[in-house]
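Here's the structure we're looking at; comments come further down.
Residue numbers (my numbering): 88 to 185.
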């Protein structure tokens with residue numbers, strides 16, 4: 088996050104006199120009017136920490152729960168990820184499902 092110092096970016100007006108800050112995000116957000124005060128609660132939620140009740144602002148989107156001991160699951164093979172052999176004592180995902 089940084090101060091907006093440009094007047095134009097491509098065909099979008101981001102004149103700092105009209106737009107004090109610009110928020111770019113590659114995830115859909117749950118708010119029509121995001122504010123700078125929402126960044127800290129959003130970052131905390133992304134790290135799996137619930138924002139304290141006294142904190143102003145709100146999380147703009149919720150991160151899905153992490154699996155594998157806090158590590159993100161590997162991408163599925165259909166999305167370009169590699170299949171991995173299960174570790175000793177670990178069931179394959181298909182076998183683990185009811």
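Beta carbons: idealized from backbone N, C-alpha and C, even for Gly.
Would you tell me roughly how many angstroms separate the C-alpha atoms of residue i and residue j, rounded to the nearest one?
{"i": "residue 133", "j": "residue 139", "result": "14 Å"}
{"i": "residue 145", "j": "residue 124", "result": "8 Å"}
{"i": "residue 127", "j": "residue 141", "result": "12 Å"}
{"i": "residue 137", "j": "residue 143", "result": "13 Å"}
{"i": "residue 135", "j": "residue 174", "result": "26 Å"}
{"i": "residue 122", "j": "residue 172", "result": "44 Å"}
{"i": "residue 115", "j": "residue 176", "result": "38 Å"}
What is the C-beta distance between residue i and residue j, in whole angstroms, given that I count them as a contact (C-beta under 8 Å)?
{"i": "residue 120", "j": "residue 147", "result": "About 11 Å; that fails the 8 Å criterion."}
Is residue i helix, strand or coil by DSSP?
{"i": "residue 133", "result": "helix"}
{"i": "residue 166", "result": "Model confidence at residue 166 stands at a pLDDT of 49, short of 50, so the residue's coordinates are unreliable and nothing is read from them."}
{"i": "residue 116", "result": "coil"}
{"i": "residue 104", "result": "coil"}
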